[in-house]
Amino acid sequence: MTSFAHLHVHTDYSLLDGACAIPKLIERVSELGQTHVAITDHGNMYGALEFYNEAKAKGINPIVGFESYLAAGSRFERKLTGHGEYAYHLTLLAMNTEGYRNLCKLASIANLEGYYYRPRIDMDVLQKHSDGLISLSGCVAGRISSYLLNDDFNSARAEAVRMRELFGDRFYLEVQNHGLQKQRTVNSGMVRLSEVLDIPLVATNDAHYISREDSYAHEILLCIGTKKRMSDQDRMKFDGNEYYIKSADEMLDAMEGMERAVENSMMVAERCKVELKKDKYHLPRYTCSEAPDPKSELRLLAERGAVERFGKIDDEVRERLDYELKVIDDMGFNTYFLVVQDFIAKARERGVPVGPGRGSAAGSLVSYCLRITDVDPLRFGLLFERFLNPGRHDMPDIDIDFCQERRQEVLDYVVEKYGEEKVAQVITFGTLGARAVVRDVGRVLDIPISKVDAIAKKIPSGPGKSLKDALVEGSELYNEVEKDKDVADIIRNAKRLEGLARNPSVHACAVVIGDDDLKNYLPLGLAKKGAGEEKQVVTQYSKDWVESIGLLKMDFLGLQTLTTIEYAQDNIELSTGKRVELDQKFDDEETFELLCSGRTMGVFQLESPGMRRLIRRLKPECFEDIIALLALYRPGPLEGGMVDSFVECKHGRQDVTYMHPKLKPILETTYGVILYQEQVMRIVNVLGGFSLGEADRVRKAMGKKIDELMEKYRERFVENAPDHGCSREKAEEIVHQIETFAGYGFNKSHSAAYAVITYHTAYLKAHVSAGVHWCRPILGSR
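Residue numbers (the working numbering): 794 to 1575.
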């Protein structure tokens, strides 16, 4: 049996041209018994890491590559090739890690320097970055192929010689057969070149979709990308339906007379052995100013900040601070905290409003002492282990809110400090969502707009909703598919295209900062920011994949409420001559009177009618109540009865009960209700003997409903409980209650951080908002 490896494949990251979703691609390759497969998207490496991980997980060798566009001359020249095209095609594959890094550099240069209708490289950069790469001559749009199509064998021969001189035995002549006359012409010439120059042939199939049955849906996808209809005579289309993931036997049939070229695909595939491992973190280099090393500098700044925050470092603060600093140092994240505190300190120095921190970072005392966050974790029982512990093996994730209008100033500072080659924003991708793809397919098929609109409205909207959700047997849409051919056509093709990547854009807040030129770690590209035409430098990998290779990804979030607070303070100062400073006591009576009244329009996160009704029921009397309020107003607690229990117990209309005396200190502030993830962690720690780091893993397993892990943790909890003063029977009851509420549990650290902004906006409204404009300062903006 002849084996074969696909070396020329376009996933959906060949945007609106390739229709191979990566998971389906790997699934199909596995079904065919093929052990190697390549990814060669047009001019980019968007999907390389996703593809690499998906293939590795299925035991398939991932060959990372891309189909490059080669300029006729210099990449800086804006001109067409001699054959009227923007560039020639050239297939590049990484043999090893060096080759992968060179691919990243070439893909970056193509997008940042050579872009002219297509992201282009030229022979100059190809010569500089060819080590570790295998080159195939390309499809019929390749340079050699173009000469052969124009009956210019001598130029084709000269080009083949030039490429062999550059790549040596890493250069192959690519042959394809989709039943096209021009391919027969090219293949004949390639065979002749191979014989004359002793350069091996290799067969590829230029796959753009998974199976032959996907060819029609792929035509629709091309129409979506080119804004055409299937009825348009001049639309772009592929000739035939052969551009799919074929079996070895199908390739042998297609390449009759060139069977050796099919076999050579495996020879090429087996030469490609890229290993992409996160061997270390690539944190930016921080220059210490007050200590000899990052560890000492972080301790110095944290202890100084602790004195500023608390007046002195007592035993409780010392114990927590020492513990956190040890974990941070053991995990190699001293520099991370120094980098974050530095740009936040610079923002404050320049008068840029900074939020109190969001997410689990508010559980860190070190963050509080460094003024990264503004919530005292000791006062509000927030856990460092929810944020960082040795068992997580993840980069810390500190999300920082800045004034919406001045966020860019902070980004500019980061670029200035670390160098523009080491900082980039992160790409994100729009996809063909369920409703959108139905509308697109309907337009392409010339189905009346009113009919398409009616179909789309029958599909649930919102994150994670799919056509599958709308096609439950017996549903209205299901019945229409059964009886209406137009609807059936739309849905059948929409299902094949749903979820494919559609367009790149700039992530709203994610920024990556490295210790070296980012092109050494990943490819860079360009993406539109917002609705305008302006393009910005971005990573070609989305945020999760950026982090997976050890780069520091930070979220610089713009929060309009911080801008509003700043304007309000400015206007008050202009009107009264005094500036209102917002403290951290959180005990102002008038503020809580305002909250209890439900007059919370303009108060952060408390404006919706449903929230105002809940406020009137709950009547918050302290800051802990505000924290709880933000955690309670979610579908789970509202529908699961937690809100009712909380409110009734708070007002004494229902007795507060604890299933075990040791639960009282943990659940007292929430009147016996398990509301926070941190409470789950405390219970598991106190009654089950789990360390808080282990308790975080229990919390995660519960939240993600990982049954196998949950069973393991459940048994251990019940087994350990008697050693901590709790019977096995009672432990069974408690673990059942924990599991019941685990899906509703909220991150208290996040809720506490946002409660600060809620309180501050309520304070301003309660005291000084009357007659004061909550917009730009009266005498102009800052």
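Every residue, glycine too, gets a C-beta built ideally from N, C-alpha and C. Here the structure is a predicted model, which is why all the values come from computation and not from measurement.
Nearest in C-alpha terms to residue 801, of all of 842, 912, 863, 928, is 928. Ranking 1494, 1443, 1483 by CA distance to the CA of residue 1513 puts 1483 first.
Taken atom to atom, the span from the alpha-carbon of residue 1263 to that of residue 1311 is near 43 Å. When the Cα atoms are used, residue 1127 and residue 1087 turn out to be separated by approximately 6 Å. The residue among 896, 1153, 1204 with its C-alpha nearest the C-alpha of residue 1350 is 1204.
In the displayed model, residue 836 falls within coil according to three-state DSSP, outside both helix and strand.
Just so you know, the alpha carbons of residue 947 and residue 903 end up roughly 29 Å apart. The segment 852-862 and the segment 1061-1076 touch, with no fewer than 3 CB-CB distances between them shorter than 8 Å. Of the other Cβ atoms in all chains shown, 16 or more fall within 10 Å of the Cβ of residue 1474; this residue is therefore buried.
Judged by DSSP secondary structure, residue 1300 falls within the beta strand (DSSP E) whose first and last residues are 1294-1306. If you look at residue 1279, you'll find it in the alpha helix (DSSP H) that goes 1278-1290.
Taking C-beta separations shorter than 6 Å and ignoring five residues to either side along the sequence, the partners of residue 1534 in its chain run 1467, following chain order. A residue is called buried when at least 16 other Cβ atoms come within 10 angstroms of its Cβ; residue 1364 meets this threshold and is buried. Restricting attention to 826, 833, 809, the CA atom closest to the CA of residue 803 is found in 833.
In the three-state scheme derived from DSSP, where H, G and I count as helix and E and B as strand, residue 1414 is classed as coil. Remark: fewer than three beta-carbon pairs, one from each stretch, lie closer than 8 Å, so the segment 974-994 and the segment 1268-1284 are not flagged as touching.
Distance from the Cα of residue 1352 is smallest, within the candidate group 975, 1307, 1398, for 1398. In terms of Cβ geometry, residue 1183 and residue 1486 form a close pair [threshold 9 Å]. The segment 1191-1258 contains, as complete beta strand (DSSP E) runs of 3+ residues, the segments 1192-1196, 1216-1224 (chain order).
Counting along the chain, the unbroken beta strand (DSSP E) around residue 1348 starts and ends at 1345-1352.
For residue 1098, the uninterrupted alpha helix (DSSP H) segment begins and ends at 1087-1103. By the C-beta density criterion, residue 910 is exposed, having fewer than 16 other C-beta atoms within 10 angstroms. Taking all protein chains shown into account, residue 1048 has 16 or more neighbouring C-beta atoms within 10 Å of its C-beta and is therefore buried. Membership of residue 982 in the alpha helix (DSSP H) is indicated by the continuous run 974-990. Ranked by Cα distance from residue 951, the first of 1185, 969, 1181, 983 is 983. Only exposed fits residue 1415, as fewer than 16 other CB atoms lie within 10 angstroms of its CB. Leaving aside the five residues that flank residue 1451 on each side, the residues in its chain whose CB is nearer than 7 Å to its CB run, in chain order, 1457, 1460, 1465.
Straight-line measurement puts the Cα of residue 1420 at about 13 Å from the Cα of residue 1388.
Distance from the CA atom of residue 1302 to the CA atom of residue 987, rounded to whole angstroms, is 52 Å. Residue 913 is bridged by DSSP to 862. Separation of the CB atoms of residue 1189 and residue 1168 is rounded to 16 Å, and the pair is thereby denied contact status at 8 Å.
Bounds of the alpha helix (DSSP H) holding residue 1472 are 1470-1481. Under the three-state reduction of DSSP output, residue 827 falls in the coil class, being neither helix nor strand. Only residues of its own chain outside the window of five on either side were considered, and among them 1383 have a CB closer than 7 Å to the CB of residue 1560, listed in chain order. In the DSSP assignment, residue 1318 forms a beta bridge with 1331.
Assignment of residue 854 by DSSP, reduced to helix, strand and coil, places it in the strand class.
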